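Chains as they are written, first to last, in our numbering: chain A, 14 to 641; chain B, -16 to 500. Ideal Cβ positions, reconstructed from N, Cα and C, are used throughout, including at glycine. Quick caveat: nothing in here was measured; it's all calculated off a predicted structure. Below: the structure, in structure tokens.
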């Protein structure tokens, strides 16, 4: 049963290959159904493997399947293989599960697009790469998936490539990620040089023997890679731009799965992180929580329905890194799963709104959509309550776990996290009130005949309903009522058990912290209600926040200014100095040739003299060098 | 004589000289018989390829560290030069690459010979080139090696100078003189080596033995070895080309006709890197240790410098040419590490670069053919006008920026990794610094390649081409490209295909360096 793990990535790969060959002929909607079926098949395969794992206990709850030797050269050996353990299968399960729903949704969403089949080619390739990333048995296979998802993300962001902004956004995502990949690569070099292998089984077993300095370097270099892929400071700039892609892509890649790859990676190598100096996890926690706060402040001033969600994703990913830095790996994975549910739900809901509003994304032109799109509105509200941290929705449970661990790590971390949670509740309420409540604003002076919004077809609303159910119930995965209800924690125990931080706070303190968190959420919602629903207070949306603290524009200015000058200077240097030297030598030679021509006077005696002088000189030289 | 014996005796010789024989044959075919000329040329290339395949099929891969199919005949007795040919694991991949590229280039050019047309002369030059390239990869005698190495020069000179772009005169003369300058220093080194090593043979194996013996006896000054290596460094380094001797390359590539560019990128540059391993490192290991830090430094400078140069280019072909400087930097970094691992990476990098950059030049040629310009800012929207062409370009760009799963990755990644643990005689700190910088080169590579793709393939066609009918990939292009594209993918998934062949020989070499202090 466990050997079937190869099927999990193989099915989407097969879908990709079939669609490359036949996609155009299958057309719409056939290509979409095939891709959905392949993704669904992978889900079933994951479930079967999971059932197999449940049948095993403790140490045996992992399975290694080697396909073939990838490369073996000069003592370096890497295999293509899969590691099925609770962590990787959990990831595979929710990737394929959400992936299937989003594939299904896309059949409707991409309806009528001339590149319908191409879209599903990329989607299946993405799912395949993502599964390679999480199932890979060594860092290099993970890296293959890591780069693969990056390439798919690039292609999908730039899907409507005729518009220059989309094409630029794709490029930006890829290049920014490459900066992180630099860290990933260097971490692999360091790991291989230290441990002599890239296999997780070997590396993690040897982790306690790695010198703390080396472990710290590996961990932080990997974290740099994670910062790129998971859009953390300072590398988050690509994610808001990535919203240029079709909305299902934003939901699948830029909210639920790919951007969580960094969280997965750090969880996977948790023993290395444990072995590092104490300040290494602190750095991760602080980067996470500051990113969370920073992105939340930007989100509360956005007017594009997808941009709010994009910054919100950056912020929520920051929470996951806060968890990792606090040693709460289970909470990180827990939040990753709940976030995947409610954020995919919110994005797909936003897509449904955009679809129903005839490609309008500006929230200032929406309002009262609950009347026209009841299913979308109801499910979106579920997603809102989940992300805002209102019990009993899923987000409450996972966020609470994170804040608890952060509190035990450092109360300052907890406080920033709490403020962020309040802001999260605020900006999400703002979005809900602006979009679904209040007055209808789509007809204005500029758009006198804007058509009425309409509800989306079942292929779009069904995934919304399913995800809404999951976003409500997913808290059950890991309820904080004693060890018995910590299902996820017990399930992941074989993988992260030794690195996991143990909560020591008393139950009363835990309840107190949870109450504070809920209070924070309610305050955020209440303030937003006053401002955006009752309109009794003036909105505070500073321009600097709407512009993302000018972070992005500063980087763009730097790249366009000094950066551009640097490579222009290189080209000038190459043309004038280096090539100038070459041409200079050539001119010199030709010039001296003119003079030297006089030596070629045709008199044999002159040549003979020259030869004689030369011979004497050479002989003299060699004789002086020879030692007898 | 049974078949096998015949192959052992004559296989390599036939493979090398069949193209030359074809060239002679072409000379006697009347110029008007174009079709016959083309068929004969392709026939000669394929015949050479068939013999090559037979040789490679009978090659004993279990002992690929040993020279096989060795032929040793007297040649120019007066100077002790012998006709020694043979192949081992190092030559096999490069020979295969050459055998593949030559006929593909011919097919590609089939109905599209560049101005001033004259396929007869063009194909003759191409066949002579093939002989020169194959000869270089099989020669085991330094004089023979030098002759083949130089034979390559003239046809390429004419190819650029006659069939090139507007500035062909300047570019071709620059290419010729620059390379000749390197060769002059190289032959001086070869001669010095001959005398140093005993003065009775130009065989590489004998020379290496002679140098090793004198080193063991301790009566060969290090400065002599270092100077001799220096001459070779100039000869090979210019060919690679290494920074700062690279400026002939962008000019030559930009002006050369497509076929010339492809051969130049795919095979000619590898003569330099191959020469480094086969001649310089093999014969003068102790001097190589002294030179390696400097070679590594120039390699890393080349990686960053080439990438920055790319970002400033306005011409598609020139950009690809500049990217060669960066990519060959990775190859040279692998060589400079003087480890088994790095050398393997270097050889893989040579093949991968040959396939990928060869493809990129093919594509540039096809774009030029259709739009009559390669100016990046005038292009755009290729995916709308010729989607297949555009996606092939996208695939090659992904391969070129080192996406794992495609061939380019296996030249780049291990080369950088090898710098982490260079040969024991080299400074670890220095090479780790190289590693960190080289790894950053991959970021820049993504930058310039994706920029190129965005400007040419994404967006919409510029106004001047908006209403022009652009033909998508032609049949001759499919035939020429499919093998390359397939190999880029297959080698990316199964890199062991090449590593298995190269590893044994390079392990022996790596062990030599591991033993040096």
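Whole-number beta carbon distance between residue j and residue i, since they are thought to touch under 8 Å
i                      : j                      : result
residue 362 of chain A : residue 294 of chain A : Actually they are not in contact, since the Cβ atoms of residue 362 of chain A and residue 294 of chain A sit about 35 Å apart, beyond 8 Å.
residue 507 of chain B : residue 316 of chain B : Nothing can be reported for residue 507 of chain B, as the shown portion of chain B is limited to -16 through 500.
residue 86 of chain A  : residue 486 of chain B : 5 Å
residue 314 of chain A : residue 551 of chain A : The pair is not a contact, with the Cβ atoms about 14 Å apart (cut-off 8 Å).
residue 187 of chain B : residue 125 of chain B : 6 Å
residue 139 of chain A : residue 266 of chain A : 6 Å
residue 366 of chain A : residue 389 of chain A : 6 Å
Opposing strand residues paired with residue i [DSSP bridges]
i                      : result
residue 173 of chain B : Note: residue 173 of chain B sits in no beta bridge, so no partner.
residue 41 of chain B  : Per DSSP, none; premise fails for residue 41 of chain B.
residue 332 of chain A : Answer by DSSP bridge pairing: none, since residue 332 of chain A is not bridged.
residue 66 of chain B  : B/56
residue 49 of chain B  : Paired residue(s): none; residue 49 of chain B is not in a bridge.
residue 320 of chain A : According to DSSP, residue 320 of chain A bridges with nothing at all.
residue 85 of chain A  : A/90
residue 124 of chain B : B/186
residue 179 of chain A : DSSP, once it has assigned bridges, lists no residue as partnering residue 179 of chain A.
residue 308 of chain A : Per DSSP, none; premise fails for residue 308 of chain A.
residue 430 of chain B : Answer is none; residue 430 of chain B lacks a bridge partner.
Identity of the residue in the options nearest residue i by Cα
i                      : options                    : result
residue 170 of chain B : B/206, B/137, B/328, B/213 : B/213
residue 478 of chain A : A/111, A/168, A/441, A/26  : A/111
residue 235 of chain B : B/180, B/146, B/322        : B/146
residue 350 of chain B : B/333, B/121, B/476, B/368 : B/368
residue 304 of chain B : B/247, B/177, B/208        : B/247
residue 469 of chain A : A/383, A/590, A/325        : A/383
residue 184 of chain B : B/55, B/74, B/219, B/250   : B/55
residue 401 of chain B : B/440, B/180, B/318, B/48  : B/318
residue 389 of chain B : B/107, B/473, B/208        : B/473
residue 576 of chain A : B/483, B/469, B/430        : B/430
residue 515 of chain A : A/466, A/344, A/401, A/381 : A/344
residue 207 of chain B : B/231, B/165, B/274        : B/274
residue 32 of chain B  : B/86, B/51, B/135          : B/86
residue 253 of chain A : A/186, A/143, A/274        : A/186
residue 381 of chain A : A/460, A/484, A/445, A/595 : A/445
residue 414 of chain A : A/351, A/292, A/218        : A/351
Residue i CB to nearest heavy atom of the ligand FAD below 7 Å
i                      : result
residue 597 of chain A : This structure lacks the ligand FAD, and indeed carries no ligand of any kind.
| task | Give the residues from the stretch 141 to 152 of chain A that approach chain B closer than 7 Å (Cβ to any Cβ), ordered along the chain. | result | none
| field | Interface positions of the stretch 199 to 213 of chain A facing chain B (Cβ-Cβ less than 9 Å), listed along the chain | value | 199, 201, 202, 203, 205, 206
| query | How about the stretch 27 to 41 of chain A and the stretch 104 to 116 of chain A: do they share at least three Cβ pairs that are nearer than 8 Å? | reply | no
| said: Tell me which residues of the stretch 274 to 300 of chain B have at least one Cβ-Cβ distance to chain A shorter than 7 Å, keeping chain order. | reply: 288, 291, 292, 294, 295
| task | For the stretch 89 to 99 of chain B and the stretch 113 to 123 of chain B, state whether three or more C-beta atom pairs, one from each stretch, are separated by less than 8 Å. | result | no
| For the stretch 307 to 331 of chain B, which residues have a beta carbon sitting closer than 7 Å to at least one beta carbon of chain A? | 322, 323, 324, 327
| field | Segment contact, 8 Å Cβ cut-off, at least three pairs: the stretch 30 to 39 of chain B with the stretch 150 to 163 of chain B | value | no
| message | Along the stretch 46 to 75 of chain B, where does the CB come closer than 7 Å to a CB of chain A? Name the residues. | response | none
| query | What residues in the stretch 157 to 168 of chain A have a beta carbon less than 9 Å from any beta carbon of chain B? | reply | 157, 158, 159, 160, 161, 163, 164, 167, 168
| query | the stretch 66 to 100 of chain A: which residues have C-beta closer than 9 Å to a C-beta of chain B, in chain order? | reply | 81, 82, 83, 84, 85, 86, 87, 88, 89, 93
| query | Would you say the stretch 150 to 161 of chain A touches the stretch 410 to 426 of chain B, given that touching needs at least three Cβ pairs under 8 Å? | reply | no
| Segment contact flag, the stretch 308 to 327 of chain A with the stretch 225 to 240 of chain A, C-beta cutoff 8 Å, min 3 pairs | no
| Interface residues of the stretch 366 to 385 of chain B facing chain A [CB-CB below 9 Å] | 366, 367, 377, 381, 384, 385
| Does the stretch 128 to 136 of chain A come within contact of the stretch 211 to 226 of chain A, defined as at least 3 CB pairs closer than 8 Å? | no
| said: To be precise: take each residue of the stretch 414 to 447 of chain B, compare its Cβ to all Cβ atoms of chain A, and keep it if any distance is under 7 Å. Which residues remain? | reply: 418, 419, 422, 423, 425, 426, 429, 430, 433, 434, 437, 441, 442, 443
| task | Decide yes or no for the touch test of the stretch 440 to 457 of chain B against the stretch 348 to 365 of chain B: beta carbon pairs closer than 8 Å, at least 3 of them. | result | yes
| query | How do the stretch 282 to 296 of chain B and the stretch 236 to 245 of chain B stand: do at least 3 beta-carbon pairs fall below 8 Å, yes or no? | reply | no
| request: Inspect the CB distances between the stretch 355 to 375 of chain A and the stretch 421 to 436 of chain A and report whether three or more fall short of 8 Å. | output: no
| query | Between the stretch 479 to 491 of chain B and chain A, which residues of the former have CB atoms less than 7 Å from a CB of the latter, in chain order? | reply | 479, 482, 486, 490
| Of the residues that make up the stretch 220 to 244 of chain B, which ones have a beta carbon closer than 9 Å to any beta carbon in chain A? | 226, 227, 228, 229, 230, 231, 233, 234
| Just checking, does the stretch 486 to 497 of chain A make contact with the stretch 407 to 419 of chain A on the three C-beta pairs under 8 Å criterion? | yes
| query | Quick check: the stretch 168 to 187 of chain A against the stretch 432 to 446 of chain B, are there 3 or more CB pairs under 8 Å? | reply | yes
| Cβ contact check for the stretch 112 to 121 of chain A and the stretch 48 to 57 of chain A: 3 or more pairs under 8 Å | yes
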